[in-house]
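Undergrad:
Chains as they are written, first to last, in our numbering: chain G, 1 to 370; chain A, 1 to 370.
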């Protein structure tokens, strides 16, 4: 299989080898994602409407509901995996999916708070094919609206006024702290020559795992689940998050631009120390050595010089990562974390259809191509 | 009285005309401020120690515990009015002051989250005689550590695990949302020609009043006070906050640099649309007209040109503000809000010594010279 064919292939062809996935599984996942969006979006919009101007407008732009000129728009709002998980989470506790809605919205608010701030800190100019908020509305609005979304998340949950809402907020706050720790680690790794696979996984666990874990427990907590059940659901969500991120890291190098909506070799263009890169460098051997030499020279280049690289330069780096075993190692991590996510479900007593939904969502995460 | 003598005078010479303040009142206030710092600081330090590196170091710099090189330091950490209020608040509910400590620390964390972000948004390079965090550690760390302090505040309260902690967190979250609204208003006013006194008071109520209100209720809520008592304490704290801010606005123009630690005419140098300015412009008449003309010309100048102004230029503006009645109007607002704060206490049943402490704190706020 040549590199070009392979680049557009699914990151993992056999996510759950023990089962055969049918197209029905993906129809089910699509239905869950659609349900999450349908139930959460009106509540999310009403929450954003509470913001003082111009923060309401800036937030509406960020969520893709209006364009930069303020005209109604229907831009890509992302996959919305988190709201879908929060509603299934409520069902896992025997509650109706609606019980999970405030949790779904609170998690989305925190997720988007982090996107607003991270895009500014990282200097990222594009998200979901559109200019980022700091680029359109300036850094002050990106900071302020991020802060406001974070505060709104707590407000929405706590105004439920129940003991379970307090428990849910505590879990969300703890996840948010981890998310911030993860961003701090991500920034500090950029300035370092050597980052270990364990450090990279720790960072990704904080940055991606913690909030997906929270999404997966928050609906159940709002539905009155005990801490043991909530912890087990968090374990599922955490490993799902690590699996999700490993697949993201694969797509960041070998993803098909047609599917991902990002440039080819997008993580390489940003010089990200993602799992495939870190695992390749850690592997040792000829390819790893050559990759290390190229990257040592790369860091001395300006971002502009680097962006002007020929496609072949990125393709060469991707080939070295693959040759050194970075792609296989990342695929193995995605698979292992997917397996651990499913294992975590064994410890939870829940209705069979709900368990099947969580399995289908885990499978979707690893086979998705965007 | 000439302008120079007047500039160094106390903003309000008779805060509570009906009572005679003795030096004993101020000894009591100093003792309350010291108690707040003594009880809150170790818990604040332990909370900051939870942050992942380098955020712990950046936060320690912000709080004045270390210098820019990381050496231990004992810089001015501010007046610490909020922690003092939170502990008296617990006593108002008949609880020991220690009950208010998690609330005191949570409010301090939110206050400092807002300072970190506001300094960056406003481009302020100095705070309490030291370079601001974004200036020393860069914008990304200012954003990240601000976020982390905000999250820590919720974490500290919610890990108490009680129903009252949930109620306290809800009040803190609501105050934080107002604080963010206030900063959004402050930023939007900068770009406007006309701002009314009512708009300025609304902004200051959000930016300063809401968090002082929360500080004054949070200890009581943690001590089990009912919502009616907590609301009355918030009303006291809200008016105290507006009075505090009016005095700040007076000190920002006529404060003595020796006391305030700021430059002469500091708010005028920053072209702030503070209460004296807004009230003067709203008054109409010759002086207001002349002030308006000068300010219309000022906005066309670069910040650098403006900073190079001769002292006499600022003195002339201050004199026009005073002549137009901006100083008297602001003094009247400080006095009125101080009066409303004391009135709010009438509706609360609490031990006499606690009531006296709250009165002494209100008096301190309006007669302070820094």
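Glycine residues also receive a C-beta, built at the ideal position from the N, C-alpha and C atoms.
Can you tell which of A:126, A:114, A:121 and A:107 has its C-alpha closest to the C-alpha of residue 261 of chain A?
TA: Comparing Cα-Cα distances from residue 261 of chain A to each of A:126, A:114, A:121 and A:107, the minimum goes to A:126.
Undergrad: Listed in chain order, which residues of the segment 163-186 of chain G have Cβ atoms closer than 8 angstroms to some Cβ of chain A?
TA: Answer in chain order: 163, 165, 166, 169, 170, 173, 174, 176, 177, 180, 181, 183, 184 and 185.
Undergrad: CB residue 144 of chain G to CB residue 121 of chain A, shorter than 8 angstroms?
TA: Yes; because the gap between Cβ atoms is below 8 angstroms, this pair is in contact.
Undergrad: Taking only three categories from DSSP, how would you classify residue 72 of chain G?
TA: Note: residue 72 of chain G maps to strand in three-state DSSP.
Undergrad: Considering only residues of the same chain and omitting the five flanking positions on each side of residue 370 of chain G, which have a CB-CB separation below 6 angstroms?
TA: Cβ within range, chain order: 259 and 260.
Undergrad: Let me make sure I understand the geometry here. Which of A:233, A:257 and A:166 has the alpha-carbon closest to that of residue 162 of chain G?
TA: That would be A:166, whose Cα lies nearest to the Cα of residue 162 of chain G.
Undergrad: Is the number of C-beta pairs between the segment 210-224 of chain G and the segment 97-108 of chain G that are closer than 8 angstroms three or more?
TA: Output reads yes: the segment 97-108 of chain G touches the segment 210-224 of chain G.
Undergrad: Run the CB neighbour count on residue 137 of chain G, radius 10 Å, all protein chains shown included, and call it buried at 16 or more, exposed below.
TA: The residue is buried, with at least 16 neighbouring Cβ atoms inside 10 Å.
Undergrad: Should residue 38 of chain G be labelled buried (16 or more other beta-carbon atoms within 10 Å of its own) or exposed?
TA: With fewer than 16 Cβ atoms within 10 Å of its Cβ, residue 38 of chain G is classed as exposed.
Undergrad: Is there a Cβ from chain G that is less than 8 angstroms from the Cβ of residue 70 of chain A?
TA: No, residue 70 of chain A lies away from the interface with chain G (no Cβ there is under 8 angstroms from its Cβ).
Undergrad: Could you check the C-alpha separation between residue 242 of chain A and residue 44 of chain G for me, to the nearest Å?
TA: Computed Cα separation, rounded: 33 angstroms.
Undergrad: Check the C-beta distance from residue 210 of chain G over to residue 52 of chain A and give it rounded, since I have them as a contact under 8 angstroms.
TA: About 12 angstroms; that fails the 8 angstroms criterion.
Undergrad: Got a sec, what are the start and stop residues for the alpha helix (DSSP H) residue 331 of chain A sits in?
TA: Residue 331 of chain A -> alpha helix (DSSP H) spans 326-346.
Undergrad: Nearest to residue 353 of chain G by alpha carbon, out of G:59, G:63, G:88 and G:79?
TA: It is G:88 whose Cα lies nearest to the Cα of residue 353 of chain G.
Undergrad: State the Cα-Cα distance for the pair residue 151 of chain A and residue 311 of chain A, rounded to the nearest angstrom.
TA: Roughly 43 angstroms between the two C-alpha positions.
Undergrad: Can you look up residue 126 of chain A in the DSSP assignment and give me helix, strand or coil?
TA: Looking at residue 126 of chain A - three-state DSSP - the assignment turns out to be strand.
Undergrad: With a cut-off of 8 angstroms, does the C-beta of residue 369 of chain G fall near any C-beta of chain A?
TA: It does not; no Cβ of chain A falls within 8 angstroms.
Undergrad: DSSP on residue 131 of chain A, reduced to helix/strand/coil?
TA: In this structure, residue 131 of chain A counts as strand in the three-state DSSP scheme.
Undergrad: Alpha carbons only, please: which of A:273, A:322, A:319 and A:324 is nearest the one belonging to residue 299 of chain A?
TA: Selected option, being the one with the closest Cα: A:273.
Undergrad: Return the first residue and the last residue of the alpha helix (DSSP H) that residue 156 of chain A is part of.
TA: From DSSP, the alpha helix (DSSP H) with residue 156 of chain A extends over 139-158.
Undergrad: Closer than 9 angstroms between beta carbons: that is the criterion. Which residues of the segment 214-230 of chain A meet it against chain G?
TA: Hits within the stretch: zero.
Undergrad: Would you grab the beta carbon distance between residue 276 of chain A and residue 326 of chain A for me? Rounded to a whole angstrom, and I think it's under 8 angstroms.
TA: Rounded, the Cβ-Cβ distance is 4 angstroms, consistent with contact.
Undergrad: By Cβ distance, which residues of its chain are closer than 7 angstroms to residue 105 of chain A, with the 5 residues on each side in sequence left out?
TA: Closer than 7 angstroms at the Cβ level, and outside the excluded window around residue 105 of chain A, lie 40, 43, 44, 47 and 156.
Undergrad: Out of curiosity, what's the CA-to-CA distance linking residue 265 of chain G and residue 309 of chain G?
TA: Distance between the alpha carbons of residue 265 of chain G and residue 309 of chain G is about 12 angstroms.
Undergrad: Give, in chain order, every residue of the segment 45-64 of chain A whose Cβ lies closer than 9 angstroms to some Cβ of chain G.
TA: Going along the segment 45-64 of chain A in chain order, one finds 50, 51, 52, 53, 54 and 55 with a Cβ nearer than 9 angstroms to chain G.
Undergrad: Under 7 angstroms Cβ to Cβ from residue 253 of chain G, same chain only, skipping five residues before and after it: list those, please.
TA: Correct list, in chain order: 265, 267, 268, 276, 318 and 321.
Undergrad: What are the start and end residues of each continuous alpha helix (DSSP H) run of 4 or more residues lying completely inside the segment 36-101 of chain G, in chain order?
TA: Runs of the alpha helix (DSSP H) inside the segment 36-101 of chain G: 55-62 and 81-92.
Undergrad: Fully enclosed by the segment 274-310 of chain A, which alpha helix (DSSP H) runs are 4 residues long or longer?
TA: As far as the segment 274-310 of chain A is concerned, its whole alpha helix (DSSP H) runs of at least 4 residues are 275-283, 285-298 and 303-307.
Undergrad: With DSSP run on the structure shown, which of helix, strand or coil describes residue 256 of chain G?
TA: Reduced to three states, the DSSP call for residue 256 of chain G is coil.
Undergrad: With a CB to CB cut of under 6 angstroms and the five nearest residues on each side skipped, what residues in its chain are close to residue 203 of chain A?
TA: Within the same chain, residue 203 of chain A has close Cβ partners 182, 185 and 186.
Undergrad: Does any C-beta atom of chain A lie closer than 8 angstroms to the C-beta of residue 6 of chain G?
TA: Interpretation of residue 6 of chain G is limited by its pLDDT of 42, a score under 50 that renders its predicted location unreliable; the figure taken from the coordinates is listed afterwards. Chain A contact via Cβ: absent.
Undergrad: Rounding to the nearest angstrom, what Cα-Cα distance links residue 357 of chain G and residue 196 of chain G in this structure?
TA: Roughly 35 angstroms between the two C-alpha positions.
Undergrad: Let me see if you follow: with CB-CB separation under 8 angstroms, is residue 155 of chain G close to chain A or not?
TA: For residue 155 of chain G, the answer is yes, since a Cβ of chain A falls inside 8 angstroms of its Cβ.
Undergrad: Can you grab the Cα-Cα spacing for the pair residue 363 of chain A / residue 249 of chain A, in whole Å?
TA: Near 17 angstroms, if we compare the C-alpha coordinates of residue 249 of chain A and residue 363 of chain A.
Undergrad: Take the Cβ of residue 303 of chain A as the centre, count every other Cβ of all protein chains shown within 10 Å, and call the residue buried at 16 or more, exposed below.
TA: Flag for residue 303 of chain A reads exposed.
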